[in-house]
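See below for the structure under consideration.
Pasting the structure below:
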């Protein structure tokens, strides 16, 4: 009966009161494992392992910022001057000054679950998702985050099982709920529609700002790491072992042949209607009318990328890189 | 004293035959012993075993031994490895290494070993197989292509296959004891096997074989040390010519050389009796013994010759020479012995061994060259021809000595002393910049151009492998690897160390566990963290075997291995200081960061020990020399006149080390003590004549002139002989012998100049009243 005690403790202490270690400002931070990159009002922000947050105005010189956590940060999102980053230990930190100073909004190492992505619809309304169906929503810019269980993403048997359990044993239900849902890996937005990609073939869409989700049918049960609409209005999903799918209005999800077997981490819409998909082992897929597969010389995992002017800046397992076709 | 000499003279010269027979028998026995002498190059002798780092190293050696491994890189000279010839050759090398005695057969690893597998993440979890499948046929291009894909999947590029796919690696661990016979590994035989059975058989114009590892290095050092025999022969030949030019008599040339060689035989024989082997480093000792022996022998034939020319018989001359030289010669040799003995304070096996063997060798010379030599000389018949050869020489040399005696003119003396003071100031300034440790890349014992170091550079360049690494041993509680908190602390320590300049990369159980955690999560880099969940952590760690060297059996000790950019002393110091600063802040009772293991850890300890030994060693060697001088001269002025030039020269030697980029190491540390111990001889010989005359009130210049006439030629000759003996080392294929050769040559020559030029100048000032 661990859980009730733990829940009580959580209630007493509150989610953000757990002890956190500030990140160590390291000379090699820009060569460390970096997991996400985004454009800010002032330049570029990159986040990664050990609570590393790096800012740059020119993509060449990077300054590591002082951050109150040393948890690995997996995702970052920008709304005007405000920035949120999320990561392991269910951490959510926020900045109101373009990323120069950071405050903790959520820190729950005892959950033992990472957040994998964060998306804000406006300056107040945001969503953070993560492993085992972790799903948080805020409507006040992150001052308060509420958990939402999205059991509608389970199949019918599991939903039935959970509902039965809820009536029989509330605590067992909570316990089961905390591990039955698949990992949520990525959120994206296209107009009024939100998309969700996750573990075990999970692709879903929502028309009501993520309050309810509908699974999208697909004949593939591997994990997806990104789902996104490109600048030329194609809807793509990228996942494990080089699996790349495109959604066709009539036929649903259709696989695109990539002829490679490394996981694809992110879909990066480029300015000219082209799209770049980046993956492990340095794989890059350049996509417009045709599909071109390339591998970087160092063959290091590329996690995400950002077009800046005519350059593409990538975050990789060994830091910042410029990508070229 | 005189009584004792009387008795000794009586004993030795009454029973000359018995003396010779006794020496003959002893020499025969010790020669037989000397032939049993083995080259010996134990790793542990070269390190300061009592240094705290080495205590930690020895304590954990059993778990993290693995240091005695051998790396064989097979390289395609043109093009990539994916062809039939290469793969067949690689298999041959693998199989051959497997059968070389001393190899732990379960630990031979290459593409061909069954344990070389790839795993890949698939939708269902993991899938995998051997990199080279069981049905592999090297003649089939499709099979080669499959292997090339598997290599990438297995993530062994940089370890088993070079980054540029031009080389592949075969590695093996060595067994310290033969499991069948229980005998200790014969490192030298093993190294020779590698050379003949691997390189000899499998290297050709298409494929090259590169071998590195401690045992191979020792083998190459031992091979290089064998050159020393040639150097020894050359040194004997040159010395023989010199002695002949000096004494103009074949017989008189042979006798001191013979006695000196007898001294060397005794010294080597005694080594075997004491259970020592000959180490590449202590090979220097026979040279020194020979050179010192010859120099004292020359003093003896010089003295006897002068008596004969003066009209005495050879026997009378020999007896007289014995009387006059026993005391100064004995004191000089004794001071050499004491100088060498001071090296005993340094707690490094090899230096202690050097101290014992060298002091023993020099002590032997007292018997061979101060007793046996005059006894042998007493049989020599020096005819009129010999005397006539020296008839005119006296006058010519008198003119020469007269010129040198100017050094003791007060005016000239002042100029000399000012120059010496300036040299000293310059030397002091430069010597302060002397570096501790090895300053060059590769194995420091060998030249950078040696095959071994070239192979090292090739392997470190082509693979993600470094031979310059240091392990920090994290000592904690049993099963600590299942604690997130401990693992996180190790991970943080590792990251902070990686950020220290000079650390290129690092690996520990924590960093490997992070990679495995990502592996368990579909290879997603976002999961490259230490899981807080204990079961997940245990699952990750369970995939790491203790043979990885990253944890011991109960994971209470987990090394963090720091790969360094080089092993320069500054780099080592910076990293060691960073570790010390870190642990001061974060160390706890149950989480200790212990320095240090790995090759660079050993170097760090050695550097610290050498640095700590330097000042006491100088203090003791000078203390001993000062004491001996005070005892024999009973004069402070005389003592200072001998010791001051010595000190200036030792400082200049350090300046020379700075200039020539020779670091202070285990092999160069003893050089100054040796240089001082032997260098004091010149001063003692000159002053022993001078001080009597000065005490009787003779003018300094006259006393010095008389001393030069009596001893000058022998002193000059001694300096040159000693220098020749060691200068041949400059051509040694061993870097440290070359360094020692340069430094000793410098010390011997410049100390001689100090005694001939600076000593009289000091005397002119100290005895300024006796003009």
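Chains as they are written, first to last, in the working numbering: chain A, 134 to 458; chain B, 58 to 828. All residues carry an ideal CB built from backbone N, CA and C; glycine is no exception. None of these values were measured; they are calculated from a predicted model.
**Asked** Between which two residues does the alpha helix (DSSP H) containing residue 679/B stretch?
**Response** Counted as a single uninterrupted DSSP element, the alpha helix (DSSP H) harbouring residue 679/B occupies residues 655–690.
**Asked** With a CB to CB cut of under 8 Å and the five nearest residues on each side skipped, what residues in its chain are close to residue 171/B?
**Response** Only 187 meet the Cβ criterion.
**Asked** On the premise that residue 313/A lies in contact with residue 336/A, defined as a C-beta separation below 8 Å, what is that separation, rounded to the nearest angstrom?
**Response** Incorrect: roughly 19 Å between the Cβ atoms, too far for contact.
**Request:** Use the C-beta contact count for residue 722/B: other C-beta atoms within 10 angstroms, 16 or more gives buried, fewer gives exposed.
**Result:** Buried.
**Prompt:** The alpha helix (DSSP H) with residue 211/A in it runs from where to where?
**Reply:** It is not in any alpha helix (DSSP H) - residue 211/A instead sits in the beta strand (DSSP E) that spans 206–212.
**Prompt:** Should residue 78/B go down as buried or exposed, given a rule of 16 or more other Cβ atoms within 10 Å for buried?
**Reply:** Exposed is the call here.
**Item:** Listed by chain order, chain A residues near residue 556/B by CB distance under 7 Å
**Value:** 159, 160 and 161, listed in chain order.
**Message:** Using C-beta distances below 6 Å, list every residue in its chain close to residue 329/B, excluding the 5 sequence neighbours before and after it, in chain order.
**Reply:** The answer, listed in chain order, is 90, 93 and 94.
**Asked** What's the C-alpha gap between residue 393/A and residue 331/A?
**Response** So the alpha carbons of these two residues sit roughly 21 Å apart.
**Interface positions of the stretch 259–272 of chain A facing chain B (Cβ-Cβ less than 8 Å), listed along the chain** = Answer set for the stretch 259–272 of chain A: empty.
**Same chain, Cβ closer than 8 Å to residue 295/A, neighbours up to 5 away in sequence not counted** = Result list for residue 295/A: 284, 287, 306, 309, 310 and 313, in chain order.
**Asked** residue 201/A versus chain B: which residues are under 8 Å apart at the beta carbon?
**Response** What residue 201/A touches in chain B, judged by beta-carbon distance under 8 Å, is nothing: the nearest beta carbon there is about 16 Å away.
**Request:** Give the residues from the stretch 354–365 of chain A that approach chain B closer than 8 Å (Cβ to any Cβ), ordered along the chain.
**Result:** Legend: CB atoms of the stretch 354–365 of chain A lying less than 8 Å from CB atoms of chain B belong to residues 354, 355, 356 and 358.
**Request:** Any chance you could list the beta strand (DSSP E) runs of at least 3 consecutive residues sitting entirely within the stretch 141–186 of chain B, in chain order?
**Result:** Those beta strand (DSSP E) runs which fall completely within the stretch 141–186 of chain B and span 3+ residues are 174–179.
**Message:** Taking 8 Å as the cut-off, does the stretch 310–321 of chain B touch the stretch 258–276 of chain B (at least 3 CB pairs, one atom from each stretch)?
**Reply:** Segments in contact, no.
**Asked** Would you call the stretch 428–446 of chain A and the stretch 171–191 of chain A in contact, with 3 or more CB pairs under 8 Å?
**Response** With a cut-off of 8 Å, the stretch 171–191 of chain A and the stretch 428–446 of chain A count as touching, because enough Cβ pairs lie within range.
**Prompt:** Taking just the CA atoms, how far does residue 602/B sit from residue 626/B?
**Reply:** Rounded to whole angstroms, the gap between the alpha carbons of residue 626/B and residue 602/B is 33 Å.
**Burial state of residue 277/A (16 or more Cβ within 10 Å)** = Label assigned to residue 277/A: exposed.
**Request:** Determine the direct distance from the alpha carbon of residue 144/B to that of residue 156/B, and round the result to whole angstroms.
**Result:** Taking the straight line joining both Cα atoms gives about 19 Å.
**Message:** In this structure, how does DSSP classify residue 300/A when only helix, strand and coil are distinguished?
**Reply:** Of the three classes helix, strand and coil, the one that applies to residue 300/A here is helix, per DSSP.
**Request:** Count the CB pairs spanning the stretch 466–475 of chain B and the stretch 490–508 of chain B that are closer than 8 Å, and state whether there are at least three.
**Result:** With a cut-off of 8 Å, the stretch 490–508 of chain B and the stretch 466–475 of chain B do not count as touching, because too few Cβ pairs lie within range.
**Request:** Go ahead and pull the three-state DSSP assignment for residue 407/A.
**Result:** The answer is coil: DSSP assigns residue 407/A none of H, G, I, E or B.
**Request:** Indicate the three-state DSSP secondary structure (helix, strand or coil) for residue 786/B in the structure shown.
**Result:** Three-state DSSP puts residue 786/B in a helix.
**Item:** Any beta strand (DSSP E) of 3 or more consecutive residues that is wholly inside the stretch 229–310 of chain A
**Value:** The stretch 229–310 of chain A contains these whole beta strand (DSSP E) runs: 236–239, 248–253, 259–263 and 268–271.
**Request:** Would you kindly check if the distance between the Cβ of residue 206/A and the Cβ of residue 237/A is under 8 Å?
**Result:** Residue 237/A places its beta carbon 8 Å or farther from that of residue 206/A.
**Message:** Checking 8 Å against the spacing of the C-beta atoms, do residue 112/B and residue 164/B come in under that value?
**Reply:** No.
**Prompt:** How should residue 81/B be labelled, buried or exposed, when 16 other C-beta atoms within 10 angstroms of its C-beta is the threshold for buried?
**Reply:** By the C-beta density criterion, residue 81/B is exposed, having fewer than 16 other C-beta atoms within 10 angstroms.
**Prompt:** residue 716/B and residue 487/B look like a contact to me (Cβ under 8 Å); what is the Cβ gap, rounded to whole Å?
**Reply:** Between residue 487/B and residue 716/B the Cβ distance is about 7 Å, and since that is below 8 Å, they are a contact.
**Prompt:** Rounded to a whole number of angstroms, what is the C-alpha to C-alpha distance between residue 319/A and residue 359/A?
**Reply:** Between the C-alpha atoms of residue 319/A and residue 359/A there is a straight-line separation of about 5 Å.
**Chain-ordered neighbours of residue 393/A on chain B, where CB pairs are closer than 9 Å** = Those within 9 Å of residue 393/A in chain B number zero; the least Cβ separation is about 11 Å.
**Request:** Look at the Cβ atom of residue 713/B, then the Cβ atom of residue 803/B, and state whether they are nearer than 8 Å.
**Result:** Judged by their CB atoms, residue 713/B and residue 803/B are nearer to each other than the 8 Å cut-off.
**Asked** How many angstroms separate the CA atom of residue 485/B from the CA atom of residue 168/B?
**Response** Rounded to the nearest whole angstrom, the C-alpha separation of residue 485/B and residue 168/B is 56 Å.
**Item:** For residue 315/B and residue 812/B, the rounded distance between their alpha carbons
**Value:** Their Cα atoms are separated by approximately 28 Å.
**Message:** With H, G and I counted as helix, E and B as strand and the rest as coil, what does DSSP make of residue 289/B?
**Reply:** Note: residue 289/B maps to helix in three-state DSSP.
**Asked** Considering residue 505/B, what are the terminal residues of the alpha helix (DSSP H) in which it resides?
**Response** Per DSSP, residue 505/B lies in no alpha helix (DSSP H) segment and is marked neither H nor E.
**Request:** From the DSSP output, in three-state form, read off residue 119/B for me.
**Result:** Residue 119/B: helix per DSSP, three-state reduction.
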